[in-house]
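4 protein chains.
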Amino acid sequence: MDENISTNPFADDRLREECGIFGIWGKPDAAAFVVLGLHALQHRGQEAAGVVATDGEQFYLERQEGLVGDKFSVGGPVPKLKGRNAIGHVRYSTTGGTLNRNIQPFFADVANGGIAVAHNGNLTNAIALRKQLVSKGSIFYSTSDTECIVHLIATSKYDKIVDRLVDALKQIEGAYSLVCLTRKKLIGVRDPLGVRPLVIGKLEDAYVLASETCALDIIGADYVRDVKPGEVVVISDEGEKLESYQPFPPQRQRFCIFEHIYFARPDSIIDGLGVYDVRKSIGSELAREAPVEADMVVPVPDSGVPGAIGYAEASKIPFELGIIRNHYVGRTFIEPTDHIRNLGVRLKHNANRDRIKGKRVVLVDDSIVRGTTSKKIIKMVRDAGAAEVHFRIASPPMTDPCFYGVDTPEKKNLLAANYTVAEMCRFIGADSLHFISINGLYRALRQSRRDGANTRFCDACLTGDYPTALTDRDSTVENAQLSLLAV
Amino acid sequence: MDENISTNPFADDRLREECGIFGIWGKPDAAAFVVLGLHALQHRGQEAAGVVATDGEQFYLERQEGLVGDKFSVGGPVPKLKGRNAIGHVRYSTTGGTLNRNIQPFFADVANGGIAVAHNGNLTNAIALRKQLVSKGSIFYSTSDTECIVHLIATSKYDKIVDRLVDALKQIEGAYSLVCLTRKKLIGVRDPLGVRPLVIGKLEDAYVLASETCALDIIGADYVRDVKPGEVVVISDEGEKLESYQPFPPQRQRFCIFEHIYFARPDSIIDGLGVYDVRKSIGSELAREAPVEADMVVPVPDSGVPGAIGYAEASKIPFELGIIRNHYVGRTFIEPTDHIRNLGVRLKHNANRDRIKGKRVVLVDDSIVRGTTSKKIIKMVRDAGAAEVHFRIASPPMTDPCFYGVDTPEKKNLLAANYTVAEMCRFIGADSLHFISINGLYRALRQSRRDGANTRFCDACLTGDYPTALTDRDSTVENAQLSLLAV
Amino acid sequence: MDENISTNPFADDRLREECGIFGIWGKPDAAAFVVLGLHALQHRGQEAAGVVATDGEQFYLERQEGLVGDKFSVGGPVPKLKGRNAIGHVRYSTTGGTLNRNIQPFFADVANGGIAVAHNGNLTNAIALRKQLVSKGSIFYSTSDTECIVHLIATSKYDKIVDRLVDALKQIEGAYSLVCLTRKKLIGVRDPLGVRPLVIGKLEDAYVLASETCALDIIGADYVRDVKPGEVVVISDEGEKLESYQPFPPQRQRFCIFEHIYFARPDSIIDGLGVYDVRKSIGSELAREAPVEADMVVPVPDSGVPGAIGYAEASKIPFELGIIRNHYVGRTFIEPTDHIRNLGVRLKHNANRDRIKGKRVVLVDDSIVRGTTSKKIIKMVRDAGAAEVHFRIASPPMTDPCFYGVDTPEKKNLLAANYTVAEMCRFIGADSLHFISINGLYRALRQSRRDGANTRFCDACLTGDYPTALTDRDSTVENAQLSLLAV
Amino acid sequence: MDENISTNPFADDRLREECGIFGIWGKPDAAAFVVLGLHALQHRGQEAAGVVATDGEQFYLERQEGLVGDKFSVGGPVPKLKGRNAIGHVRYSTTGGTLNRNIQPFFADVANGGIAVAHNGNLTNAIALRKQLVSKGSIFYSTSDTECIVHLIATSKYDKIVDRLVDALKQIEGAYSLVCLTRKKLIGVRDPLGVRPLVIGKLEDAYVLASETCALDIIGADYVRDVKPGEVVVISDEGEKLESYQPFPPQRQRFCIFEHIYFARPDSIIDGLGVYDVRKSIGSELAREAPVEADMVVPVPDSGVPGAIGYAEASKIPFELGIIRNHYVGRTFIEPTDHIRNLGVRLKHNANRDRIKGKRVVLVDDSIVRGTTSKKIIKMVRDAGAAEVHFRIASPPMTDPCFYGVDTPEKKNLLAANYTVAEMCRFIGADSLHFISINGLYRALRQSRRDGANTRFCDACLTGDYPTALTDRDSTVENAQLSLLAV
């Protein structure tokens, strides 16, 4: 078995969503509601948070590294960010270090006013666009793909801000949900395939835009509907308030299937499907596809819990909290010293040894990326005395990297891209290993099976079926560094 | 219903343990292991953390507000804290604000060397002792009861440090587990009733002392045994290494029953009982004592989860994650503004409305203190569309305050001290409310029933049966402020 | 007497230079030398400091509020700022608050590389340029006039960086000395009139550019020559190393006369004239123009000291330190409370009452702006018991605001623009008041008299004779706020 | 010449006073006045500052590293420090690093209340006292000698606070001026020899105590008189308000002669002598004792200025600012790298080369300690082209260390303790070197000559004539480290 895969046994092996976005129009202390919304979306990005508000005259901006609650008082007022209209952003950075200047929302003074933009997703032609913009004189202050959108808006030949935005959208490629704020408008956008989520809510008279419904719940807003793929919604104080534009020809939706499997919060509802229910159903499907004689079903917390409940219910094997997760995290991180390196995964998880000892355990987890975390967890469960460890995975094998805003490793580091299930089972040290089948996954999503020609999901990481062009990836020109300015 | 009880609807209504303690003797980079141990004990105190190490020559001290990981790199080295021997402390403050000068461990140069002390528990004659010590010229730098112990050691007429410590112990009253560090010794102490926990572990040749076994697990140490009530264990490089002293006459143990119900981590093992198992058993007992027709059993996360699993298992009603907890917390806190005050409990919890809607729900929680949190959670579940809400509590009614290191409100603010179960049910808005009976609780603890004359638990908060004198409480002298120095 | 003049008796009434600049090419640890140079130029700006270095591959940037020594170790290495080439900037902000994003040097990735720019001076058509640049899609991140220069470079149609820079220079108007850094070149520029200073030095093989010679002295560099008005000097590793360009038609120099009177450090040498000597000569001229019977000559420290020495020498009246200055300053500033407001100027100055009591005092200061500081100092000297106070000013009456980088108030707040000398004398409370005559000032500068048609100085603040167009000031369009983003 | 003397050419070679103290009783916002007073005393200690206030009920304390103005708003209110009564302290630490826990004032709850103490001076039996106090159970939290005084007060058998204080004073030995604050009293103390200064002032009805009169001036308070040697003054709201006690038998005063030469601010008045005047007189005496043919008299700024003015006046040689001092200092300090080490003294001083070139210069400085700074300054002046450099020192040779609160090096590092004047002249590189004679110094202090049996000054550093016992220095027991707790 190739040891390259597990070079750094300490590398965090979880997938990371890059962003969550939120906007509200027409509510006094708008920024306070954005802070609450971002707190509810914190699972989508913990590295940095930012809020921009406007009182119709000026914009007010705060951006900071860390959790929303590190700078903002969650539930309290935000006196510096004035006005009834605001947007916000939480992010996880895909690049090595977080650049302070990459923290969103981005703001720009443009010809007829100012605009702030917050983005969830990833552009697949950002490098090409950046080169072209720089050659014409645009000055980039970040290394973020999102800044391309802002410069495209700023340099657009159109006059009205919505026209400028649409002009920009027509040049970008990839996955994006956006919330934009001008002094007169709140604008929500979803890319033509609707890869990333964006929902519309109402709180009394105020309109809300959010990545997930859990961010509506926290402020008591009602869910109205999802922004449609390719739709531009414009909210203002005038006329109909919410106007809808469809600047792109209609296309089949390709919603990120991993939002259901892992990213979204279990209390969110996507496209009419409760995330928790889908995950429980995956567990039930897994129990049917891969039954096993065992004494208990144990989730890898927290993401494995709904699947394990489903598995337990379908298999009639008792559900037990056999692994306890330590949720406390601090500010500092340094590479561990050698002689405590072997403590590994116990920093975050500990086996409930009293309960596990001598038992046959079905472990349920959401996915395997590099396999290093799985290996350590199984070792921990065995060290606690488990008689057998059967590993069940609530997603099909992940064989291909994501280019749409999820921080996946390269193909050569994806365990399932390089090994058979039997090899993987041996590598992670389980007695048995089963992944949900792709059709089982679709059944949990209330479809009979995957039909490649008609699927409404982006499952590229499981199938290699990428729904957009990948200009930057396919570029034959060597990609120079994004900025000459060192971090 | 008396509205005094819910004056501040935002007051966090959870009980708080004051402290966790940890010590290690004879391991290079001892402080790094203490940091790991404190990380595993973080649930016992999140306000501040401190570590003292010694290399046999000098002591090295770091104390800070916040989580262990805010200052220390969890899993990494702590170069400033040199030596093979160290102790540490995490705390939650019972007083309004945290005083920086209250952060433990405390250190003092005493006649024949230096000593550092970390304390879990609460002295019941601290004010009386403080007055007496100040009158003789001791200068207090904190408002903590623990400093009394340090001054008693410093002013003792005895010569050897263990004799000084025992001299001090004989003057204090209340609950205490201590770890003390001198240049030559690591000392562990438990009060004569063994109210607070303290266990002994071994990591290769090194001895470990910790509040709970989960702190042994994180560093891979083996559990040896509990420190006995009234025992003083002394670990040094000489002779037998671990010496045991019993300076007090033997007494019946009175271990804090709430460690089992709520404080200890579910993966810890106390006195041979797995905490998770006890909690599940309480749930099962509850299901037998207070059955109800319902569609699902839903825990109030995280502390209600084991009880809910037990209830579900015993009642055959499906277990569901009907409430999702947001674990992300930041640094700032400000009183919320009026118009977002009604958001209440959703900052931390959200109902899984898709799952709950129209259902009859059994909610399982660990305890009711003031009742305000319960009220808000039930309202949240009802707002999510639950048809019925039946509230089941994994502890008997809490009728009396704790004086042994748990942050309980005064009797007048304890809901169960002032109202009948029926009144409480109405106040919190449940369809039915049941507390586990005191005998049911003892059964979950593997005893047939509570026998007041022989109980080995301190259950004073449930029975008013306090096992020690309460000198400060009973003092007829008005208790002046502890220090003239304002916070 | 109009009380508008003294509305805020606490406003600091000193003139402030906006900036000092420094660059070095070809010296290992270049950034460390820049830090030293900026330390020597600290009198030119105390609000913020920044350094950009390049190792020929990447750029490294640090910018911060406060003194150079607050962030950088003066005299120590700057490991993060790698390379043999670097520039730096100290600034005082003319706007109310310092904007972090205004701290220089500015950096931009442009079509064929990166460029950093540091600027001393002020553009008089910055608002017009900004409007035009924004309308074409440039995004501004600061409110500084300097950013216009960077965008003009970025959007220039030329290919080579020097051509782009010259293209930009031809569009800007006003006063500017610049140092620019690319990966291959250090560039120094002075505006066609040479209003602001910039000198060339050599430290072994390395070239140095600096606002004043005192910044050459601190690193032991030799003075080579001044950059000429309108000259662009380009330093690189190739060929002749220092190339000189003269892109503008030759013009008569108009060097800022207040650099001699007040801004430059007394140990600097400008155009062959020692600043200290010029100031002493002004004092001697003053003694001749405005003699008085007195017991002692007392400077208002520190700027009045050379003039007072000159006055004392010429008048044979003893020189005395009758006012002591407290140089210690901290980080915080809050408006004083009412009942200590009357303490006024003593925060910074105190009269040497033992020496002054009963004496006739000649006070020498560099200038009068609003007159409020003079008033308080004279009161302080009288309170200390002076029998007479004769005020002598080392500059002619300041009647007009500066648009070239000095923070002067509007004309309506300039005392000398609104009152006669007699009125001013009464306002400040002196027994007599005399300003050096304009011709006396020119004599101290080694010229026989001011000849308006041929003066090589910009003395607009004393004469209203502005040497450049003032496009922004004369614009009939109302000047909108520079950015919609609030500070 | 022994090179040991100049081992670290970068060591700052200035003497440092340890402390300044200030107190005020009976003025609303008392803390704001203390902050102003400390700002005026900042020259006596720049490492840390602290203020304690009381409103008669509680005490309020703020202590911090750095300048007064780093934490407190000089001239503004200090809302957290309530009450009409307050004391404060600025300090320079004599030990290697500043310990945060050493910052004064110290506060203690004692038997009948609380007391805060601020101390200027140094005890010569602090180590002996500390050992004795620790052996009886006192716990020290700092390594400061001042804490001994606090523990002696706390453990005193007397009842009233003034009696306790006097009891403590009778046990301490050395130099001390103290201000102490209780809820009912402000107490000022000077040691029996009056080594350190302390003056009484009045601001309307409020009493003020301060190290120097310049701290009275800043708040507009009137000077009343000096606290007498051995006097305890007690200020309260009752009766006569200021009561005076003389607990010690009368002794001849021995005031620190270096306060006149160097420490005190030139605008302060001590014992009826203006400090500036004394320093000018020393300069005149020097001119008489050590005349020289020269072109100019140049002070080493700032402390050499009054002496140079006096020398110039007496010698008729022109006074010139030939060396410019850079007053800007930042927060950071790191050892310089090798290749910029030779920049040396120019970080703080620069020669005015235009003025000095080719001239014969008389340099006037206040003292020579190790000689390293003098050597660098003379080199700098020569490098600037001086034809001759004649060094004149405003104090006699410093041959003995101070044990009374001044940070002098050990005898082996004092240049004058080890070399003749001729050797010293050669070492520092001057053309001639003269120190003021001891009798010349006394003449400047308005006495005819030094009379050892009757001198009212402590001039031990110049004569070795120490006026107190030096218990710690003379102890035959090896002095163990003060605390086992590492910094």
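Chains as they are written, first to last, in the working numbering: chain F, 1246 to 1732; chain A, 1246 to 1732; chain C, 1246 to 1732; chain U, 1246 to 1732.
We treat Cβ as the ideally placed atom computed from N, Cα and C, and that holds for glycine.
All of these numbers come straight from a predicted model, not from anything done at the bench.
{"query": "Residue-level contact to chain C via CB, Pro1254/U, 8 Å cutoff", "result": "Model confidence at Pro1254/U stands at a pLDDT of 33, short of 50, so the residue's coordinates are unreliable; what they give is reported in the following sentence. No, Pro1254/U lies away from the interface with chain C (no Cβ there is under 8 Å from its Cβ)."}
{"query": "Test item: CB-CB of Val1523/C and Gly1575/U under 8 Å", "result": "no"}
{"query": "Residues of the region 1300–1320 of chain C whose Cβ lies closer than 7 Å to any Cβ of chain F, in chain order", "result": "Gln1303, Phe1304, Tyr1305 and Leu1306"}
{"query": "Same chain only: Cβ atoms within 6 Å of Ser1529/C, ignoring 5 sequence neighbours per side", "result": "Gly1555 and Ala1559"}
{"query": "Paired residues, beta bridge with Asp1467/C - DSSP", "result": "Lys1447/C"}
{"query": "Contact set between the region 1370–1386 of chain C and chain F, restricted to residues whose Cβ is under 8 Å from the partner", "result": "Val1379, Ser1380, Lys1381, Gly1382, Ser1383, Ile1384, Phe1385 and Tyr1386"}
{"query": "Minimum Cβ-Cβ distance from Leu1660/U to chain A less than 8 Å", "result": "no"}
{"query": "Contact residues within the region 1394–1425 of chain C, judged by C-beta distance below 8 Å to chain F", "result": "Val1395, His1396, Ala1399, Thr1400 and Ser1401"}
{"query": "For Val1434/F, the nearest candidate out of Ala1399/F, Gly1475/F, His1288/F and Glu1449/F (CA to CA)", "result": "Gly1475/F"}
{"query": "Assigned secondary structure, Tyr1386/F (DSSP; H/G/I helix, E/B strand, else coil)", "result": "coil"}
{"query": "Beta-carbon contacts of Ala1399/U that lie in its chain and below 6 Å, excluding the five residues immediately before and after", "result": "Ala1353 and Val1355"}
{"query": "Neighbour flag for His1334/C against chain U, beta carbons, 8 Å", "result": "no"}
{"query": "CB contact check: Gly1709/C to chain F, cutoff 8 Å", "result": "no"}
{"query": "Option in Phe1351/C, Glu1457/C and Ile1527/C with minimal Cα separation from Asp1512/C", "result": "Glu1457/C"}
{"query": "Buried or exposed by the 16-neighbour rule on C-beta atoms within 10 Å, applied to Ser1489/C", "result": "exposed"}
{"query": "Per DSSP, the bridge partner or partners of Phe1680/U", "result": "Ile1638/U"}
{"query": "Secondary structure of Gly1282/U, DSSP reduced to three states", "result": "helix"}
{"query": "Pairwise C-alpha distance: Pro1350/A and Leu1423/A", "result": "10 Å"}
{"query": "Limits of the alpha helix (DSSP H) - the one that Val1574/F falls within", "result": "Note, Val1574/F: premise wrong, no alpha helix (DSSP H); not H, not E."}
{"query": "Tyr1507/U vs Asp1390/U beta-carbon contact at 8 Å", "result": "no"}
{"query": "CB contact flag (Asp1599/F, Tyr1468/A, <8 Å)", "result": "no"}
{"query": "For Gly1616/C, the nearest candidate out of Leu1660/C, Ala1596/C, Ser1548/C and Lys1327/C (CA to CA)", "result": "Leu1660/C"}
{"query": "4 or more residues per run - each alpha helix (DSSP H) lying fully within the region 1306–1351 of chain F", "result": "1313–1316"}
{"query": "Buried or exposed by the 16-neighbour rule on C-beta atoms within 10 Å, applied to Glu1449/C", "result": "exposed"}
{"query": "Inter-residue spacing [alpha-carbon to alpha-carbon] between Thr1721/F and Leu1715/F", "result": "12 Å"}
{"query": "Within 8 Å of chain F by C-beta, residues of the region 1595–1608 of chain A in sequence order", "result": "Asn1595, Ala1596, Asn1597, Arg1598, Asp1599 and Arg1600"}
{"query": "Chain U contact for Leu1730/A (CB, 8 Å cutoff)", "result": "yes"}
{"query": "Beta-carbon proximity check, Cys1706/A vs Phe1503/A, cutoff 8 Å", "result": "yes"}
{"query": "Chain-order list of residues whose beta-carbon lies under 7 Å from that of Thr1343/F (same chain, five-residue window excluded)", "result": "Model confidence at Thr1343/F stands at a pLDDT of 49, short of 50, so the residue's coordinates are unreliable; what they give is reported in the following sentence. Once the five neighbours on either side are set aside, the close Cβ partners of Thr1343/F are Glu1292, Ala1293 and Glu1310."}
{"query": "Contact check, Gly1295/C vs Ile1348/C, beta carbons under 8 Å", "result": "yes"}
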